[in-house]
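Our numbering puts the first residue of the sequence shown at 3, with every later residue one more than the last. Okay, so here's the structure we're looking at.
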Amino acid sequence: MKKNVKNPFILGFYGQSGIGKTYLLRQIVKQLSAEGNHIAVIKISDKDISVDTEGKDTFLYGEAGADMVVFSSASESAFLVKQPLSTQGIVQNLQHQGSFDFIFIEGAMESWIPKIRLGEMKERENTLFTYNDDFDTLLNMIKHRKIERKII
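Right under this line is the structure:
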């Protein structure tokens, strides 16, 4: 598949807690990354939580007033921006970090994001369809970057 550096396919997923959003996205990411695609996943939480750990150096730098703290080890790097960002702001930052074919957003809420609903949660603006366990059809639609409005 040709890499689409400037225009990654962006797709959101939403549904009530425990419905299987993370499981579904993991399966999609596994399949697409095995085919050589570059993928970013954004996890949006409606809870006021942090991935940082109180008392650790990264936490202390933020507490001291740093606007961004970067943790880097031999296996990964994490950028901790000490303020909330819009999903659009996160996507723009991601595009400076690398070339992604797909950007998936778990917990997508903003109206500009095309979305797939899992379960019977109230439908959000720009919902393309409700997913009903037809994984192969969904994966094929994502691979071809063509999501049709319907129930699958």
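We put the CB at the ideal spot given by N, CA and C, even for glycine. For clarity, every value in this text was computed on a predicted model and none was experimentally measured.
Next item on the list: Report the residue ranges of all alpha helix (DSSP H) runs contained in full by the stretch 114 to 147; include only those spanning at least 4 residues, in chain order.
Entry: 137 to 145
Check: With which residues is S74 paired in a DSSP beta bridge?
Finding: S79.
Notebook entry, point to check: With DSSP run on the structure shown, which of helix, strand or coil describes K58?
Noted result: coil
Next item on the list: Locate the alpha helix (DSSP H) running through G91, then write down its first and last residues.
Entry: T89 to Q99
Check: DSSP on K49, reduced to helix/strand/coil?
Finding: Residue state, collapsed to three classes: coil.
Item checked: Nonlocal neighbours in the same chain, by C-beta distance under 8 angstroms from S79, ignoring five residues either side -> V72 and F73
Item checked: Closest Cα partner of S75 within the set A66, Q85, A36 and T60 -> T60
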